[in-house]
Each structure stands twice: as structure tokens, then as C-alpha cells.
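Engineer:
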Amino acid sequence: MDISQSGDRAPRGRRERFRDRYETGVAFLVSTWTAAFVLRSRLEQTGRLSDVGNEALLSLLFVVPIMLVGWGVLAVADRRYKLGIFPPRRRR
17 MDISQSGDRA
27 PRGRRERFRD
37 RYETGVAFLV
47 STWTAAFVLR
57 SRLEQTGRLS
67 DVGNEALLSL
77 LFVVPIMLVG
87 WGVLAVADRR
97 YKLGIFPPRR
107 RR
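The sequence shown lines up with residues 17 to 108 when you count with my numbering.
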């Protein structure tokens, strides 16, 4: 009996596994980044955006993508060189 007849799920490809994994840290960073975009544009439209607020929100808009890229680079380096930065995932 093959996998499709037994009712079990068929083996998934690498792209599907990557897409289905839920990463709370990445989701938090993307949410913060999106909120900063919205907040900055709303404050700018109402004329309430101060110089300090503008600098703070702009720095957030630049730092979050750098953090996301850095996180990805660390994950790749951890897998390739077995650095032990991220704990191993349990297989389902």
C-alpha cells in the first residue's frame, strides 16, 4: 500500500515545509515594521510627526529588514557549520 492509499500525508517539498513553519520572532518583527510604516504615515499626514519621532521611526524601518536578513544568514550558517545557535527542530 503506498502513501496515497494509506491516508497519510504525502511527503512535502522543501518550499512547502519552509512556508508552513510558523516563526513568532519573524512575525513579530514584520508586524512591528508594518506598524511603524502605518504610524509614521499617519503622524506625517496629521502634521504631528516631530523630528525625533521621524528619526526614531525611520531608524526602525531600516533596522528591522537588516535584522531579518541577519537572522536568515545566522540560520544558514548554523545549518551549514553546525554552530548550535538555533535548537534542532523535532521532525513531525
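Note that beta-carbon positions come from the ideal geometry of N, C-alpha and C, so glycine has one too.
(1) By how many angstroms is the C-alpha of V46 removed from the C-alpha of E39?
(2) Roughly how many whole angstroms lie between the Cα atoms of L77 and F44?
(3) Counting along the chain, where does the alpha helix (DSSP H) carrying F102 start and finish?
(4) Which value, in whole angstroms, describes the spacing of the CA atoms of W87 and D94?
(5) Could you give the uninterrupted runs of the beta strand (DSSP E) lying entirely in the segment 46 to 98, keeping only those of 3 residues or more?
Structural biologist: On the basis of the coordinates in this document:
(1) 11 Å
(2) Here the alpha carbons of F44 and L77 stand approximately 14 Å from one another.
(3) Premise fails: F102 is in no alpha helix (DSSP H) and is neither H nor E.
(4) 10 Å
(5) Within the segment 46 to 98, no run of beta strand (DSSP E) reaches 3 residues while sitting entirely inside it.
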